[in-house]
Amino acid sequence: MNKIHPLASVSPKAILGDNIEIGPYAFIDDNVEIGDGCKIYPHAVIFPYVKMGKNCEVYPSAVVGAVPQDLKFEGEVTYVEIGDNVTIRECVTINRGTKASGKGVTKVGSNTLLMSYVHVAHDCEIGNHCILVSYVGVAGETQVDDWAIVGGGSKAHQFSRIGCHAM
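Here the sequence shown is numbered in our numbering, starting from 14 and rising by one per residue.
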């Protein structure tokens, strides 16, 4: 059974799994899919075209699925895909992809931790079992491979690749 706080704003066009908790003032937009067992904390925002796996947590003031910060973006439908067991801490931003990149999707793999104030730009692909420590900025179309740990305050230039098990 889902627990949705009466002060949360959840679109009737959102698809919600089972055993989801949504806190006060959280905002879930149209065309959002949230998997079983997820917790969306107060003041978190999930914009359209986000698909989130099972058992994820989205903490206060995180914004998932905002339009990309890319001048080539023309309002087209693009996506964010979040795997299972992903933790998105306070004030994290994850932008949708762009068609101009040829991808149109930003991905965060399963069992990944995005600590506070991390920014994942358009068309990035964050692998499974990754940890991005607070204040990491990952610019557009960057790839972070499985099991990478990106240290606090690090910045990855667009089109970069951070390999498996990198620290």
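Quick reminder that beta carbons are idealized off the backbone N, C-alpha and C, glycines included.
Among the options, nearest to residue i - alpha-carbon criterion
{"i": "V146", "options": "G110, S24, I17, M180", "result": "M180"}
{"i": "C143", "options": "K116, I175, Q171, T119", "result": "I175"}
{"i": "S123", "options": "H178, N141, G117", "result": "N141"}
Boundaries (first-last residue) of the beta strand (DSSP E) holding residue i
{"i": "T119", "result": "118 to 121"}
{"i": "I107", "result": "106 to 108"}
{"i": "M65", "result": "63 to 65"}
{"i": "G78", "result": "76 to 79"}
{"i": "Y92", "result": "92 to 95"}
{"i": "I47", "result": "45 to 47"}
Pairwise C-alpha distance: residue j and residue i
{"i": "K52", "j": "I59", "result": "12 Å"}
{"i": "K67", "j": "G48", "result": "4 Å"}
{"i": "C104", "j": "L127", "result": "10 Å"}
{"i": "N15", "j": "K112", "result": "35 Å"}
{"i": "C177", "j": "V163", "result": "11 Å"}
{"i": "V93", "j": "A152", "result": "15 Å"}
{"i": "V80", "j": "S129", "result": "20 Å"}
Are three or more beta carbon pairs between the segment 86 to 104 and the segment 159 to 179 nearer than 8 Å? no
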